[in-house]
Each structure stands twice: as structure tokens, then as C-alpha cells.
Amino acid sequence: MARTRSNINALSHLLGDCDVPIFALDAQRRFVYGNAACFAWLQVEPRSLMGKRCDYHSGPPGDPEQRSLNGLCPPPEVFLGRDGRGQIAWPRRDDTWEHRPARFLSLGSAADDKACGVLVLVDGPETSPAAESPFRAASGEDRHATLRQVLSELGERFHLDQVIGQHPAIMRAREIIRLAVQTDSRTLVIGPPGSGREHVARAVHYGGGHRDAAPLAPLACNLLDAELLNQTIASFAASCAELQVEHPGTLLLLEVDRLSSDAQAALAGILSIRELDLRTVATARHSLIDLAAKDQFRRDLAFALSTLEIVLPPLSQRRDDIPLLAQYFLERENAIGGKQLSSFADQAVEHLLLHAWPGNLDELATCIATACRRASGPQVTVADLPEPLQLAARAASRPRKKAESIQLDLFLEEVERELFRRALHRSKGNKAKVARLLGITRSRAVRRLQHFKLSPDDPPPVPDQPG
């Protein structure tokens, strides 16, 4: 026992004297060792990390300390006994991330194929995350690093999966959201069902730190008539006045494009009152200004509610964002703290890209949650995807059957041949009877029988199938 303890101390001194940052995690992903170079790089005290668990998850969980630890987590494959290389990250003081290359050494267990721990060697200078790689072709590790960068740019105040991606419309939506949270401008969030309109609208209200104390009143516009709308807004305005909050309360007008004509008139009148200190954030499937141009919405109200427009395109129009969004939903499952998954197999990504996604982000999130529960390895495979998605992908990948052209003359001649063959069989070879059955002259019947080379000795025609 004394010799074992001496060997452990010697190894600890050896690693401690190394100028390369080294740390170790146990099988439960808990931080159990770090050398002096490691803590010098991280600029933290050892006690702040010892015994803490990290998850393979890029998103901000709300706890900055846990978020930092997650940046150190190796891919789940390493905990299954597979050595490898990759990137780890640690936040700087300015909230940006420092990415460093690392070697992951799995400490094997004789009991099973799983590792009893992982040793991580930080073996290079700072690198850039793979943010510029095309999402469609990027590896799972690239998407993991890119996702961390995107979520860091979004910030924790208005962390939104709805605006993750590089599609120009999504990048513009992010810019409008940043503007909306900094002002009290009336804002309209436009998007199809399942795109997360309400979530974005709430983020606009709560995104600015000064709004934490400002009240929010959600109103389902499809259920409100003019009288109920007037009463509800009057009651909310009175409550805000009693609270004496520094910033105006917000009316969250859900599906405002479904507001009745009478209620539209009532709302337009309310918003025209200058003394009323209320902000509006509304959601709609379509632009109110476009609806007003078609006489389907009140024009003055459309412009009043649309000072800022945040447009969320359907998922089918930004397919290159799907792999990164799928990685986000996968890592959201990892954040629960149980089974950890690294990414998606290439074929699974192709299946995701082939699907039409009529339910948009809501459908994608449900699909990935199901696949993560079913996955048995470190990656989500095609077999883990829900069956409807697999069937749709197989159908989309099959080439359509080419339409066969019909040569009318040949088709009609074949029909005529069949009629003569049947008439010849019924008449038992009597050509005069063949002519009577077909309503033609005997001479014509003889000529056509000779043309088709039919004789009474030919096999009988196949009888028609019943029904």
C-alpha cells in the first residue's frame, strides 16, 4: 500500500511539474485532477472545479460556472474507450471563448469497454472555432464549436434557438431582436406555426435587463371581441399605474392577424391615446402591412404595430441551418445530465435535410428529442430517427417513375387484334359469324384476320378477371 501511494505521489509530481495544461475527469465527467499549468491557464482556484461535473453541451444553462465547465468536456466517444483529438474551450473575462486543441486519453477499465476516466492534455496554442465551415458539411465537433460561438454571440439575456443559423433572414432577425430589446418600439414577430413566434416575442420583452420588473399581459387575439379587449387593456393599464414601474408594461398580442374587425377598430383607438404608456409586441403569420394592402387588416393599425418587424422564415427555406439546429437540440438533451451524445451520423444528417419540416422548429425539436432517447451509441443514427422521418426520406430519395408515352396507333391496333381473337374463338373459326359479332362485312373480317395472322387453332384468350 505504501509503494502504491508513493507511485501515485510520484505521478502527481511528474504531471504537476509539466508545463502543459493537464486535467482528468472520472467516468461521471467530474473534474478530479488538474496540474498547476492547467489552473494557471484557466485562472481559477482548484477548489472551484474539483468534484464538479461537466456535460457535452454548448448552450448557457444559466449558471456561468457550469457553462465554463461544459467547455472542457471531451466528446462522449472518449468515455467509451476511444482516444482522440479535438477542441476544448474556456471563457475569457470579456465573455468570448478561448479554443485550444487537446488530446483525449481514455483510461480503460478491465470490467467493460467504458473508460473509468479521461486524461486531457491541452497541447497547442489557441485556435479558431470552425465557425466558417459550411454547416451541411461540418463534422459534429465543428458544429459543437460553432454552436458555442453562436450562443455566446446571442448572449444569455435573449438566448433563442429560433434564431440559430447563418441564413441571411435569420441573421437579420437577430439584429432586429437586439434593436427591439434596447428600445420600447412596437414590434411584430412574423412566422409560420412552429417557428417560435411567441418565444421570440417574450424574449423581446424580457431581453433588456430593465424589463425584469415590467409587467407583461399575453392576449389571445382570436378569442377577443371589442368589448373584452377594451376591458382587458384598461384593467392592465390601471395595474401598471398602481405598480409605478419605471418602464412601460407590454401587451403581448398573440396572433394579432386573427383579430376581428371590431376589435381592430377598438385597438386602433386605444393605441392612439397618447397618455397610454404601454408597449405592444405582437405575433402574426403574415405581415400586417401586406394584409392591409389586400384589405384584410386595418391599415392604420397595421403600421402602428409594425414599427419593427422580426421575420422568422420556415425551416424549409433555410435547410443549411438544420444540422446546427439539430446539434443544438441534441446538446439541450445532454444538458439534462444523463446520457451524452456527440453528434449525428452523416446519413442521419442527410435524412434531416431531406425532410420537409411542415411543423418547423417545434417538429425538429420533438424529432431530435425522440432520436436522443432511442440512441444507443455516442451518435444519433438513421435507425434512431422517428419512423415517419425515415419513410419520408426513403420516399424522397427514390427517383420518380418516368411517365410512359402511348403510341396511339399501336395501342388501337393491339385492342383490335384482341377483339378479333375473341370473336374468332366465340365463332369457332366461322368467319361470317366473326363479321356479324363485330358488325363488319365478311370480306373485311377476312382481311383483318389475315393481317393479324389469327387462326382458329390459336390458344384461347385469357378470360377477363371478375370485378
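Per the numbering used here, the sequence shown starts with residue 2, numbered consecutively.
Just so it is clear, CB atoms sit at the ideal spot from N, CA and C, and this is done for glycine as well.
Every value quoted in this text rests on a predicted model; they were computed, and no experiment measured them.
Residue state for E46 is assigned as coil, using DSSP reduced to three classes. Considering only C117, I89, R427, the residue with the shortest C-alpha distance to R101 is I89. With contact defined as three or more Cβ pairs closer than 8 Å, the region 220 to 230 and the region 329 to 341 are not in contact. Contact between A235 and L279 does not hold, since their C-beta atoms are separated by about 11 Å, which reaches or exceeds 8 Å. Beta-carbon to beta-carbon, G250 and L217 are separated by about 7 Å, close enough to satisfy the 8 Å threshold. Positions of the beta strand (DSSP E) runs, each at least 3 residues long and wholly inside the region 297 to 360, are given as 309 to 312 in order along the chain. T128 is bridged by DSSP to H100. In its chain, beyond the 5 residues on either side, R86, L122, D124 have a beta carbon closer than 6 Å to the beta carbon of R104. DSSP, reduced to helix, strand and coil, places T284 within a strand of the structure shown. Here L254 is buried. Its C-beta has 16 or more other C-beta atoms within 10 Å. The DSSP-derived three-state label of L217 is strand.
Under the three-state reduction of DSSP output, S186 falls in the coil class, being neither helix nor strand. K115 is the residue among D95, K115, R68 whose C-alpha sits nearest the C-alpha of R83. Assigned with DSSP and collapsed to three states, R449 falls in helix. DSSP, read as helix, strand or coil, puts Q232 in helix.
Setting aside the 5 residues that flank it on each side, L316 is surrounded in the same chain by W358, N361, each with a C-beta closer than 6 Å to its C-beta; the list follows chain order. For the pair C117 and Q29, the Cα-to-Cα distance works out to about 9 Å. Under DSSP, D27 shares a beta bridge with G118. Pairing E142 with P76, the inter-Cα distance amounts to about 8 Å. In the same chain as L455, and ignoring 5 residues on each side of it, the C-beta atoms closer than 8 Å to its own belong to R418, F421, R422, L425, in chain order. Shown here, V151 sits in a helix according to DSSP, grouped into three states. Contact check for R286 against E256 passes: the beta carbons are separated by less than 9 Å. Here T442 carries a coil assignment [DSSP, helix/strand/coil].
For Y34, the pairing in a beta bridge is given by DSSP as A25. Looking at the DSSP output, S261 sits in no beta bridge, so it has no partner there.
Looking from the CA of L152, the closest CA among P92, R198, L180, S140 belongs to P92.
Looking at the DSSP output, F105 bridges to G85, V121. The secondary-structure analysis by DSSP pairs Q380 across a beta bridge with S344. Inter-residue distance for A146 and Y329 is about 11 Å (C-alpha atoms, whole angstroms). Boundaries for L411: no beta strand (DSSP E) harbours it, while the alpha helix (DSSP H) harbouring it runs 409 to 427, taken from the DSSP string. By the C-beta density criterion, G270 is exposed, having fewer than 16 other C-beta atoms within 10 angstroms. Just so you know, the alpha carbons of V79 and G378 end up roughly 12 Å apart.
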